[in-house]
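Novice:
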Amino acid sequence: MADSPLDPRGGARMLAHFWMIMGVIVIVFPIYYVLIASTHTTQEILRPPLPLTPGSAGLDNYRAAFNGEIRQIGGVSVWVLLMNTTIMALGIAVGKIVISMMSAYAIVFFRFPLRVACFWLIFITLMLPVEVRIMPTYKVMVTLGLIDSYAGLIMPLIASATATLLFRQFFMTIPDELLEAARVDGAGPWRFFRDILWPLSLTNVAAIFVIQFIYGWTQYLWPLLVTNSNDMNTIVIALKKMISFADAQTPWNLVMVTSVLAIAPPILVVVLMQRWFVKGLVETEK
Numbered sequence: 001m002a003d004s005p006l007d008p009r010g011g012a013r014m015l016a017h018f019w020m021i022m023g024v025i026v027i028v029f030p031i032y033y034v035l036i037a038s039t040h041t042t043q044e045i046l047r048p049p050l051p052l053t054p055g056s057a058g059l060d061n062y063r064a065a066f067n068g069e070i071r072q073i074g075g076v077s078v079w080v081l082l083m084n085t086t087i088m089a090l091g092i093a094v095g096k097i098v099i100s101m102m103s104a105y106a107i108v109f110f111r112f113p114l115r116v117a118c119f120w121l122i123f124i125t126l127m128l129p130v131e132v133r134i135m136p137t138y139k140v141m142v143t144l145g146l147i148d149s150y151a152g153l154i155m156p157l158i159a160s161a162t163a164t165l166l167f168r169q170f171f172m173t174i175p176d177e178l179l180e181a182a183r184v185d186g187a188g189p190w191r192f193f194r195d196i197l198w199p200l201s202l203t204n205v206a207a208i209f210v211i212q213f214i215y216g217w218t219q220y221l222w223p224l225l226v227t228n229s230n231d232m233n234t235i236v237i238a239l240k241k242m243i244s245f246a247d248a249q250t251p252w253n254l255v256m257v258t259s260v261l262a263i264a265p266p267i268l269v270v271v272l273m274q275r276w277f278v279k280g281l282v283e284t285e286k
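The sequence shown lines up with residues 1 to 286 when you count with the UniProt record's numbering.
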């Protein structure tokens, strides 16, 4: 029997649905507005009321962005910005996964002096704000000549205490009997990792990849420090350069186009890997 609207349980359900719908609207509306605004001219965007329906300038706006007609970023095409950001995000995500898996594998399955101390040293880095180590790291990059390079963008950000902790927690759930059986079969450390541990870790890898890809994609402070050339800008840095203090000098139509292109890849990654992402988070917490 369906709950009556007067039933306290029915009222609570309706209230929960109301707040859920309101939350969805609050989250989705800015994305919707950016998408709509990217099809209008700057004058239409600035003129009240806010445009809520598609305009007729969308094709011209996107063509201008891809043809490198944005003066504020030196005429660099959005294709270049997307390529730089994709390389950085993929490099950070893959680098964090590789280093974190190897670190966690060594800590859990190998016995060596100060093994626990090594783990706690890694863990303690979680308590250090990025600002504490960013200037020493920048000095190292300058010394190595890695300013304005993909290596300079990626290398300082590929170590992750969080990912190491998550992999360690998962590896600790692997039964000792599985390790002993692998040893009896003559499997060495590398074969055990490749044939047993890696397949079991795929969902966790997917979850961490999604998190770290978005982390790399949205980086602002570090790329701002290590990139001087417009050709090496990430899309987030380009957005900041495009926004002037004076509305009249800001090409808001191209800002909206660039914003749409900036949020599309992370959304695509989350949508395509949603099932693996959720499954990986659940398995990590077991």
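We put the CB at the ideal spot given by N, CA and C, even for glycine.
#1: Going by other Cβ atoms of all chains shown within 10 Å of its Cβ, with 16 needed for buried, is V205 buried or exposed?
#2: Based on Cα-Cα distance, which residue from W217, D148, G91 and V210 lies nearest to V278?
#3: Assuming I208 and A161 form a contact by the criterion Cβ under 8 Å, report the distance between their Cβ atoms to the nearest whole angstrom.
#4: Once you ignore the five residues that flank S229 on each side, which residues in its own chain have a CB closer than 7 Å to its CB?
#5: If we call anything under 8 Å between Cβ atoms a contact, is I237 one with T250?
#6: Does DSSP classify Q274 as helix, strand or coil?
#7: If we require 4 or more residues per run, which alpha helix (DSSP H) segments fall completely within the stretch 66-119?
#8: Counting Cβ pairs, one atom from each stretch, are 3 or more of them under 8 Å apart for the stretch 96-111 and the stretch 257-266?
#9: How about the stretch 70-87 and the stretch 261-275: do they share at least three Cβ pairs that are nearer than 8 Å?
#10: By the DSSP assignment, the alpha helix (DSSP H) with Q43 in it spans what residues?
#11: Just verifying my parser: in three-state terms, what is the DSSP assignment at L268?
#12: What separation, rounded to the nearest whole angstrom, lies between the Cα atoms of A16 and F109?
#13: Taking the C-alpha atoms as reference points, what is the distance between L126 and K240?
#14: Where A106 and V24 are concerned, what is the direct C-alpha to C-alpha distance, given to the nearest angstrom?
#15: How should Q43 be labelled, buried or exposed, when 16 other C-beta atoms within 10 angstroms of its C-beta is the threshold for buried?
#16: From D60 to R13, what distance separates their C-alpha atoms?
#17: Rank E180, T203 and V142 by C-alpha distance to the C-alpha of F170 and give the top, closest one.
#18: Round the Cβ separation of L153 and M88 to the nearest angstrom and send it over; I've been treating them as touching at under 8 Å.
#19: Indicate whether S77 and G58 have their beta-carbon atoms separated by less than 8 Å.
#20: How would you label A151, buried or exposed, when you count the other beta carbons within 10 angstroms and need 16 or more for buried?
#21: Taking its Cβ as the centre, do 16 or more other Cβ atoms sit within 10 Å of Q274, making it buried, or is it exposed?
Specialist: Walking through what the data contain:
#1: Start at 1 with the first residue of the sequence shown, and residue 205 comes out as number 205. When all chains shown are included, V205 counts as buried.
#2: For the purposes of this step, residue 278 is taken as residue 278 along the sequence shown, with counting starting at 1. Nearest of W217, D148, G91 and V210 to V278, Cα basis: V210.
#3: Reading the sequence shown from its first residue, position 208 is the one you call residue 208. Reading the sequence shown from its first residue, position 161 is the one you call residue 161. The Cβ separation is near 12 Å, so there is no contact.
#4: Here residue 229 corresponds to residue number 229 of the sequence shown, with the count starting at 1. Hits under 7 Å: D148.
#5: As a first step, residue 237 must be located in the sequence shown, where it is residue number 237. As a first step, residue 250 must be located in the sequence shown, where it is residue number 250. No, the Cβ-Cβ distance between I237 and T250 is not below 8 Å.
#6: The residue labelled residue 274 in the question sits at position 274 within the sequence shown. Correct three-state label for Q274: helix.
#7: 78-109
#8: no
#9: yes
#10: Here the question's residue 43 lines up with position 43 in the sequence shown. Note, Q43: alpha helix (DSSP H), T42 to L46.
#11: Here the question's residue 268 lines up with position 268 in the sequence shown. L268 falls in the helix class under three-state DSSP.
#12: For the purposes of this step, residue 16 is taken as the residue at position 16 of the sequence shown. For the purposes of this step, residue 109 is taken as the residue at position 109 of the sequence shown. Rounded to whole angstroms, A16 to F109 spans 46 Å at the Cα level.
#13: Taking the first residue of the sequence shown as position 1, residue 126 is located at position 126. Taking the first residue of the sequence shown as position 1, residue 240 is located at position 240. If I take the Cα positions, the gap works out to 28 Å.
#14: Indexing the sequence shown from 1 puts residue 106 at position 106. Indexing the sequence shown from 1 puts residue 24 at position 24. Each residue's Cα considered, the two are about 43 Å apart.
#15: As a first step, residue 43 must be located in the sequence shown, where it is residue number 43. Exposed: under 16 other Cβ atoms inside 10 Å.
#16: The residue you call residue 60 lines up with position 60 of the sequence shown. The residue you call residue 13 lines up with position 13 of the sequence shown. Roughly 47 Å separates the two Cα atoms.
#17: Position 170 of the sequence shown, counted from the start, is the residue given in the question as residue 170. Of E180, T203 and V142, the residue nearest in Cα terms is T203.
#18: On the sequence shown, position 153 is the one that residue 153 refers to. On the sequence shown, position 88 is the one that residue 88 refers to. Indeed they touch by this definition, with Cβ atoms about 5 Å apart.
#19: Stepping through the sequence shown from its first residue, residue 77 is reached at position 77. Stepping through the sequence shown from its first residue, residue 58 is reached at position 58. No. Outside cutoff.
#20: Counted from its first residue, the sequence shown places residue 151 at position 151. Exposed is the call here.
#21: Counting from 1 along the sequence shown, the entry for residue 274 is found at position 274. So Q274 ends up on the exposed side.
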